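Working notes, beginning with the structure itself.
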Amino acid sequence: MILVSAAIIRNAAGEILICRRGSGGSCAFLWEFPGGKQEAGETAAECLVRECREELGVEIEVAGLAEQAGYTYPENEVTVTFFEARINSGVPQKRVHQEILWVQPAALPQYDFCPADTEIISRLAGG
Numbered sequence: 672m673i674l675v676s677a678a679i680i681r682n683a684a685g686e687i688l689i690c691r692r693g694s695g696g697s698c699a700f701l702w703e704f705p706g707g708k709q710e711a712g713e714t715a716a717e718c719l720v721r722e723c724r725e726e727l728g729v730e731i732e733v734a735g736l737a738e739q740a741g742y743t744y745p746e747n748e749v750t751v752t753f754f755e756a757r758i759n760s761g762v763p764q765k766r767v768h769q770e771i772l773w774v775q776p777a778a779l780p781q782y783d784f785c786p787a788d789t790e791i792i793s794r795l796a797g798g
């Protein structure tokens, strides 16, 4: 079981930050929310703060739990904890992702996301 934390970050216009993965892994070139794998000894929220700092160069504040989802990929099982979060400082940078975009929630279904994100995409988009 792999524990993953993911951020639902909104800007002042209500858009949500999404990131497109690069090559490699089961979700190559698919879209995802910022975040990553939890390391030993850290909480899900601490993981999210660290991952956003490392991958996007931003400092975030975790505002609360949005939802949790489990998914079984061919190579492993993951549990994703989604948090509402906001950027306290910095501007998102493409340190590890191919692309980063701000999109309106209703537009989220137009992007090909990692399978573990499917349920929250529908909820965020209002569907």
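Heads up: the sequence shown begins at 672 in this note's numbering, then just goes up one per residue. The beta-carbon is built from N, C-alpha and C at its ideal position, and this holds for glycine as well. Every value quoted in this text rests on a predicted model; they were computed, and no experiment measured them.
Q) Taking the C-alpha atoms as reference points, what is the distance between R691 and A678? A) 14 Å
Q. What distance in whole Å lies between the Cβ atoms of S760 and E722, which are believed to be in contact at a cut-off of 8 Å?
A. Contact doesn't hold; Cβ gap of about 16 Å is too wide.
Q) In angstroms, rounded to a whole number, what distance separates the CA positions of G707 and L674? A) 8 Å
Q: Just list the alpha helix (DSSP H) runs in the segment 728–798, keeping only unbroken ones of 4 residues or longer that don't cross its boundaries, in chain order.
A: 789–795
**Q.** I758 versus I771 - alpha carbon distance
**A.** 15 Å
Q: Report buried or exposed for D783, applying the criterion of at least 16 other Cβ atoms within 10 angstroms of its Cβ.
A: exposed
Q.
Check whether the segment 741–749 and the segment 711–718 touch, using three or more Cβ-Cβ pairs below 8 Å as the test.
A. Contact fails: fewer than three Cβ-Cβ distances are below 8 Å.
Q. Is it buried or exposed for V751, if we count other Cβ within 10 angstroms and need 16 for buried?
A. buried
Q. Among A787, L795, E790, A756, which has the Cα closest to the Cα of V774?
A. Selected option, being the one with the closest Cα: L795.
Q. Excluding the five sequence neighbours on either side, which residues of its own chain have a C-beta within less than 6 Å of the C-beta of G735, listed in chain order?
A. Excluding residues up to 5 positions away in sequence, E755 lie with their Cβ nearer than 6 Å to the Cβ of G735 in the same chain.
Q. Whose C-beta lies closer than 8 Å to the C-beta of G728 among residues of the same chain, with five residues either side of it excluded?
A. If we look at G728 and ignore the five residues flanking it on each side, its Cβ neighbours are G761, V762, P763, Q764, R766.
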